[in-house]
Amino acid sequence: MVELIPAARITEAAARIAPHVLHTPTVASPGLAEVLDVPVALKLEILQHSGSFKPRGIANKLLSLSPEDFAAGLVTVSGGNHGMALAAMASRMGARATIVMPEAAPARSIARVRATGATLLLTADVSHAFEIAEEHRRQGMTYVDPLGDPAIVAGHGTVGAEFIADRPDLTDVVVSIGTGGLISGVATAIRAANPAVRIWGVETVGAESMSRSLAAGRPVRVDVTSISSTLGAPTVSDLTLAHVRAYVEEVLVVTDAEAVDGVLTLADEAKLWVEPAAGCLVPAARRVIERVGRDAVLGLVLCGGNATVTDVVAWAARTGGLPRPYQPVAG
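Counting from 1, position 74 in the sequence shown corresponds to residue 74 in the UniProt record's numbering; the numbering is continuous, with no gaps.
The following block contains the structure:
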């Protein structure tokens, strides 16, 4: 049986990583509140170092390593944000880092990793990236597991601790799922503070590793085809699957077109620039409101903003994505 991470580990992580990360703002969004017809609060992890929540877990992991493991050099697999965060944090702390990424990763992420001086290896797909990283681990490097390292999950949980402290009136919190590390930590922290808060997960079609694992009752592998490369984990871990089972109401799946709609809607209505991994929260939020009604006070964790204008224009052309105009949610 998998042991769930206690909230105390998130509290410890918050103290450990405080000098290395930002306490990002929590803001109300009148524009999205009008679109969704309920109060909406946004946790702006798009303003975190490297443009996503990832430095929280990375900092907690690196600060937990032995001197020997740190000196061996670090290797990881990433669809973009995890790799950027590790490359930047390793550079700041004086460690060698090798980042293995699929060629489909956002151009911004690839450029940012290169700029840190880390070794960057590009592969045809995510599955091949994991094979390359495993070979480096066998050669003696320290593998920073993106799928379910407890120290990383605890670090990510500080997002939830900050969010519920800033907005204790939240009734429902919507979180995107890649590896499941973010939602596992966020759910642990928020449910420890207020067990009545409902946590909802979101995946995109073609990156449904958590949904399919829940259906199978165990972690399963999927072929990643979604444009949301930062959600493109080919599987989840026993640890994150157990947390989702314990704390999450439902994992909602939206299309790439809906995720791009969400990116454009957030730009139009909230004046915020995000990637599809955060844009997918908007169509999912509509479904949450249909399920729980308009008494909800909704929280959205905007997990990352590492997409260029060129990226978004290309995704919109490919999917036909357009921002949804104001239309009250039925229910």
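Just so you know, even glycine gets a beta-carbon here, dropped at the ideal spot from N, CA and C.
- Counting along the chain, K54 sits inside the alpha helix (DSSP H) bounded by residues 54–62.
- The DSSP assignment places 74–77, 97–102, 119–123 as complete runs of the beta strand (DSSP E) inside the stretch 56–128, in order along the chain (cut-off: 3 residues).
- I99 is the residue among I99, D261, V173, E34 whose C-alpha sits nearest the C-alpha of L74.
- Our two residues, V153 and A242, have alpha carbons roughly 12 Å apart in a direct line.
- Here T230 is actually not in contact with A285; their C-beta atoms are around 19 Å apart, not less than 8 Å.
- Counting other Cβ atoms within 10 Å of its Cβ, D295 stays below 16 and is therefore classed as exposed.
- Around the beta-carbon of K271, fewer than 16 other beta-carbon atoms lie within 10 Å, marking it exposed.
- Comparing alpha carbon positions, the residue from G201, R245, E258 closest to S226 is E258.
- For L281, the enclosing alpha helix (DSSP H) covers residues 281–292.
- For G31, the enclosing alpha helix (DSSP H) starts and ends at 30–36.
- In the displayed model, R198 falls within a strand according to three-state DSSP.
- For the set T123, V113, L22, the Cα lying nearest the Cα of E103 is the one of T123.
- Under the three-state reduction of DSSP output, L298 falls in the strand class.
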